[in-house]
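Structure record follows, encoded as C-alpha cells.
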Amino acid sequence: MTGDDLANLYRAYIACLNRQDWPALGQFVHDDVAHNARPLGLTGYRTMLEQDFREIPDLRFNIELLISEPPRIAARLKFDCTPVGTFLGLAVNGRRVSFCENVFYEFRDGKIRQVWSVIDKAAIEAQL
Numbered sequence: 000m001t002g003d004d005l006a007n008l009y010r011a012y013i014a015c016l017n018r019q020d021w022p023a024l025g026q027f028v029h030d031d032v033a034h035n036a037r038p039l040g041l042t043g044y045r046t047m048l049e050q051d052f053r054e055i056p057d058l059r060f061n062i063e064l065l066i067s068e069p070p071r072i073a074a075r076l077k078f079d080c081t082p083v084g085t086f087l088g089l090a091v092n093g094r095r096v097s098f099c100e101n102v103f104y105e106f107r108d109g110k111i112r113q114v115w116s117v118i119d120k121a122a123i124e125a126q127l
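According to numbering that gives the first Met the number 0, the sequence shown is numbered sequentially starting from 0.
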C-alpha cells in the first residue's frame, strides 16, 4: 500500500467515524486492535467510540495534519465540541471547547491494528 493509498484509507475511516457508521468500522479497524497499549479488539474499540459520541453528541473528527508512511499514519485531529458532562476528568458540562489530539496508527492487513493517542488536556483546562 502506498502512502497515498494509506492516507485515503485513513480519510475514509475518519468519514466513517463522523457518520457513526458502526457496522462499517470493521472495514478499517483490525479485529485485534489495541489503543494506548490496551487490547480492546474491534468490539471494545467500537464501544469506546460509541461512548465518546454519547458524552460528546456534536463530536466531529477534523484532520488538521496527516503524515502517511506505511504502515503508519501520524495525525493531528482538531475538535470543537460541547461535552455534556465530565470529560477527561474536567467538568465541561456543555461548554464549547476546542482541543487537538495527536495520534499515531499502525496498520496491519490494511486495517488499524495499533492506536497511540494523546489529547491536549491543558488546552481544555485553559478554556474552563
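Even glycine gets a Cβ: it sits at the ideal position worked out from N, Cα and C. Predicted model only: the values in this text are computed from it and were never measured.
Checklist entry - Among Val96, Ala33, Glu63, Ser67, which has the Cα closest to the Cα of Thr85? => result Relative to the Cα of Thr85, the nearest Cα in the group Val96, Ala33, Glu63, Ser67 belongs to Val96.
Item to check | Straight-line gap, Thr42 to Lys110 (C-alpha atoms, nearest Å) | outcome: Whole-angstrom Cα-Cα distance: 14 Å.
Next on the checklist: Rounding to the nearest angstrom, what Cα-Cα distance links Arg45 and Ala23 in this structure?
Outcome noted: Using only the alpha carbons, I get a separation of about 10 Å.
Next on the checklist: Suppose contacts are defined by Cβ-Cβ distances below 8 Å. Is Leu48 in contact with Leu87 by that definition?
Outcome noted: Result no, Cβ atoms of Leu48 and Leu87 do not sit closer than 8 Å.
Checklist entry - Looking only at its own chain, which residues have a Cβ that is under 6 Å from the Cβ of Asp119, when we skip the five neighbours before and after it? => result Hits under 6 Å: Phe98, Cys99.
Next on the checklist: Let me confirm a value: Ser116 is counted as buried when at least 16 other C-beta atoms fall within 10 Å, else exposed. Which label applies?
Outcome noted: When all chains shown are included, Ser116 counts as exposed.
Next on the checklist: Counting C-beta neighbours from all protein chains within 10 Å, is the total for Leu5 16 or more, i.e. buried, or is it exposed?
Outcome noted: By the neighbour-count rule (16 or more Cβ atoms within 10 Å), Leu5 is buried.
Checklist entry - When you compare each of Asn7, Ala33, Ala122, Gln26 to Asp79 by their alpha carbons, which one comes out closest? => result Checked all of Asn7, Ala33, Ala122, Gln26; the closest Cα to Asp79 is Ala122.
Next on the checklist: Could you compute how far the alpha carbon of Met211 sits from the alpha carbon of Ser67?
Outcome noted: Any answer about residue 211 is impossible in this case: the structure gives the chain only from 0 up to 127.
Item to check | Length of the line joining the Cα atoms of Pro69 and Leu76 | outcome: One C-alpha to the other measures close to 19 Å.
Checklist entry - Where do the N-terminal and C-terminal ends of the alpha helix (DSSP H) with Leu39 fall, by residue? => result Per DSSP, Leu39 is not a residue of any alpha helix (DSSP H), being assigned neither H nor E.
Checklist entry - For the beta strand (DSSP E) that contains Ala74, what are its first and last residues? => result 71-80 is the extent of the beta strand (DSSP E) around Ala74.
Item to check | Residue interval of the alpha helix (DSSP H) (run including Ala33) | outcome: Not the alpha helix (DSSP H): Ala33 falls in the beta strand (DSSP E), residues 28-34.
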